[in-house]
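Protein sequence lines, in the order shown, are assigned to chains X and P.
Quick note on my numbering: the first sequence kicks off at 12 and runs consecutively.
Quick note on my numbering: the second sequence kicks off at 66 and runs consecutively.
We treat Cβ as the ideally placed atom computed from N, Cα and C, and that holds for glycine.
Encoded as structure tokens, the structure appears first; notes follow it.
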Amino acid sequence: MRESFERSVRSLDAIVALTDRFFEAERIDPGHRFAVDLAIEELFTNLVKHQPDGAGGILVSLERNGDRLTIEIRDFDVDRFDPTTIEEVDVDRPIEQIEPGGLGLHLVRRFMDGIRYRYRNRTSTITLTKNL
Amino acid sequence: MFDIRFGDDGRVVLSGRLDAAAADRAQAFLETIRVAAIVDFTDLSYISSAGLGALVGAQKRLMQRGSALTLVGMNPHIRDVFRFSGLDRIFEIAPADPE
């Protein structure tokens, strides 16, 4: 199941609606839903923030293969932006140094089982996997 | 749909989904809080890092004044978000009714 979304946080409700339809169609345990919503939102909003000049919308695809869920987020005609190289945050740092901006990818890594980045022909593809 | 309001007992009541689209509204509301307060998560189903940012900003400001937010009634997924991000060290987190 896939759909292209406007490059804006206003798209988040529509992304949730796509994920609703996917979970229902594939009869996936709703217990996985929070992790999937969080991972998509964090990576999508990263692109909204860091790739404002991308061409057109951002494509979100959801696919189930047996016990594995694969999420692909694809952005076209953009510079390379590899979120997997963002340094891990130190969750034990003092409160003065806490900047929530760095927490998003950290949470994605914790909630998902795999994250991969590919850049080809000015197209960025982030692939997430979650074991069901 | 996200909502943030004061409950009848003076608690800050959150409901719905606190995502990046709702974070500015949460932040604007939390900036009005000047004293220690209880934030009720019972009806909040979801939070992302943008929502955490609004809460952390308020907590930092309040802690400089010697007070703090206490967070109550989180669902297990939201509790995981606070634990995984280490924010359970800077917030007191209690069950739904700490009284």
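> How would you list, in chain order, the residues of chain P whose beta-carbon sits under 9 Å from the beta-carbon of X/Asp48?
Replying inline: Within 9 Å Cβ-Cβ: Arg82, Asp84, Tyr111 and Ser113.
> In whole angstroms, what separates the C-alpha of P/Gly72 from that of P/Val78?
Replying inline: 6 Å
> Starting from P/Val77 and walking both ways along the beta strand (DSSP E), at which residues does that stretch end?
Replying inline: Taken as a continuous stretch (DSSP letters only), the beta strand (DSSP E) holding P/Val77 covers Val77 to Leu83.
>> I'd like to know if P/Ala117 contacts chain X, where contact means its C-beta is closer than 8 Å to some C-beta of that chain.
In response: Checking the sequence, you will find Leu at residue 117 of chain P rather than Ala. Yes, its Cβ sits closer than 8 Å to a Cβ of chain X.
> Quick one: what's got a C-beta closer than 6 Å to X/Ser15's C-beta in the same chain, skipping five residues either side?
Replying inline: Gly68 and Leu70
>> Measuring only the C-alpha atoms, how far is X/Glu99 from X/Glu110?
In response: 13 Å
> Quick one: what's got a C-beta closer than 6 Å to P/Ile158's C-beta in the same chain, skipping five residues either side?
Replying inline: Leu136
> Which residue from P/Asp89, P/Gln129 and P/Ile112 puts its Cα closest to that of X/Val47?
Replying inline: Looking at the Cα atoms, P/Ile112 is the closest of the given residues.
> Relative to the alpha-carbon of X/Met12, which residue among X/Phe34, X/Ile126, X/Pro94 and X/Ser135 has its alpha-carbon at the smallest distance?
Replying inline: X/Phe34
> How would you list, in chain order, the residues of chain P whose beta-carbon sits under 7 Å from the beta-carbon of X/Val20?
Replying inline: Ala85 and Ala86
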